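Visitor: One structure, as structure tokens, below. Some questions next.
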Amino acid sequence: MLRKTFLILGVGLVASIGLLAADFWAAKPFTEWSDKDLQKMLSNSPWAHAVPISMGGRGAGTGGRGGRGGSNGMGEVSSAGGGESIGGAGAANRRGAVSGDEGTPGSGNTPAVNVLVRWQSALPVKQAILKGKYSIEAASSEEAKKFLAQEEPFYVIMVHNPVPGGRGGGGAGVDGAKEMIKSATTLRRKGKDPMYPEKVEIVPRQGGLDIFLMFPKKDAITEDDKDVEFVFQTQMGEVKQRFKLKEMMFDGKLAL
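First residue of the sequence shown: 0, per numbering that gives the first Met the number 0; consecutive thereafter.
Now the structure itself:
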């Protein structure tokens, strides 16, 4: 009898430890996410990373695919396919910053900034955005339901604030900047051709820009790819972030 009691207690303890160790996005519905949860999802999660970039890097010239193109800023929070837009880089967390903040110098007097790179089309990111915008009404708002239900035709990655002050584009104008960004940005997988954005949206923000990079889904990313590396060339240098696909599972599915 005593042995059976210890066995039951042991099973309960293991289950409790498992619940404590579970990430919040797996442990509770998005309508119950706290402000802290939203901040983490949008700025420090498998879908979002702050990538340091030196402000003292050499300028990048324009070029064709695989070359370097000057650009600034990053994406906003629109639906991947350029559909309904809800919020901006920091909209999902009204009481906490989610944009890239100025970092500490890398060496000497060369300053650095943290560039926020976020998989904007991923379902948990969209849920966090809606929770921040609608709060307790996130589950009942018709606008929110429509936003979550729409099928995303692109993989959308948002880059926020790579160039303080919104400089860039080399005087080429918005259309010229978009073309340079297209040629200077890739998603890379081992053993496969790089993916380039088909569309680029640029949204001015205070202190910089949001850039939305829309990659076609015709060559679908799968769990077998193991990871995807995002590479974005700027006038200051290279922004590079590797996303581990096994960590980007949500409700049993790869969430991109």
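Glycine included, every Cβ here is placed at the ideal spot set by N, Cα and C.
These numbers were taken from a predicted model, which means no experiment stands behind them.
#1: Are there three or more Cβ pairs, one per stretch, closer than 8 angstroms when the region 120-133 is compared with the region 217-226?
#2: Which one of Asp209, Leu41 and Ile201 has the shortest CA to CA distance from Val173?
#3: Go ahead and pull the three-state DSSP assignment for Trp32.
#4: At the level of alpha carbons, what is the spacing between Gly236 and Trp118?
#5: Could you please give the first and the last residue of the uninterrupted alpha helix (DSSP H) stretch that includes Pro123?
#6: Looking only at C-alpha atoms, which of Thr30, Ala25 and Val50 sits nearest to Lys239?
#7: What number of angstroms, rounded off, separates the C-alpha of Gly175 from the C-alpha of Gln232?
#8: When you compare only the Cα positions, how much space is there between Leu253 and Val155?
#9: Can you say whether Met40 is buried or exposed, counting buried as having 16 or more other CB atoms within 10 angstroms of its CB?
#10: Exposed or buried, Ile52, counting other C-beta atoms within 10 Å across all chains shown (16 or more means buried)?
#11: Considering only DSSP beta bridges, list what Ala137 is partnered with.
#12: Could you compute how far the alpha carbon of Leu37 sits from the alpha carbon of Phe146?
#13: Check Glu237 in the structure and name its three-state DSSP category.
#14: If I measure Cβ to Cβ from Lys177 and keep anything under 6 angstroms in the same chain, skipping five residues before and after, which residues do I get?
#15: Near Ala137, which residues of its chain fall below 6 angstroms by C-beta distance, leaving aside the five closest residues on each side in sequence?
#16: Are the CB atoms of Pro215 and Glu197 nearer to each other than 8 angstroms?
#17: What does the alpha-carbon distance come out to for the pair Arg64 and Pro45?
#18: Can you pull the DSSP bridge partners for Arg187?
#19: Once DSSP output is grouped into helix, strand and coil, what is the label at Trp118?
#20: Give me, in chain order, the residues of the same chain whose beta-carbon lies closer than 7 angstroms to that of Ser120; leave out the 5 immediate sequence neighbours on both sides.
#21: With the cut-off set at 8 angstroms, would you say Phe211 and Leu122 are in Cβ contact?
#22: Do the CB positions of Tyr195 and Lys181 come within less than 8 angstroms of each other?
#23: Using the rule of at least 16 other Cβ atoms within 10 Å of the residue's Cβ for burial, across every protein chain shown, is Lys27 buried or exposed?
#24: Suppose the cutoff is 6 angstroms on Cβ atoms and the five residues either side in sequence are ignored; what does the same chain contact list for Val230 look like?
#25: Terminal residues of the continuous beta strand (DSSP E) containing Asp209?
Guide: A quick look at the data gives this:
#1: no
#2: Ile201
#3: coil
#4: 21 angstroms
#5: Leu122 to Tyr133
#6: Val50
#7: 15 angstroms
#8: 14 angstroms
#9: buried
#10: buried
#11: The partner list for Ala137 (beta bridge, DSSP) is empty, contrary to what the question assumes.
#12: 18 angstroms
#13: strand
#14: Val199
#15: Thr30, Leu129, Lys130 and Ala143
#16: yes
#17: Interpretation of Arg64 is limited by its pLDDT of 38, a score under 50 that renders its predicted location unreliable; the figure taken from the coordinates is listed afterwards. So the alpha carbons of these two residues sit roughly 28 angstroms apart.
#18: Glu228
#19: strand
#20: Ala79, Glu151, Phe153, Tyr154, Val155 and Leu255
#21: no
#22: yes
#23: exposed
#24: Thr185 and Lys239
#25: Gly207 to Pro215
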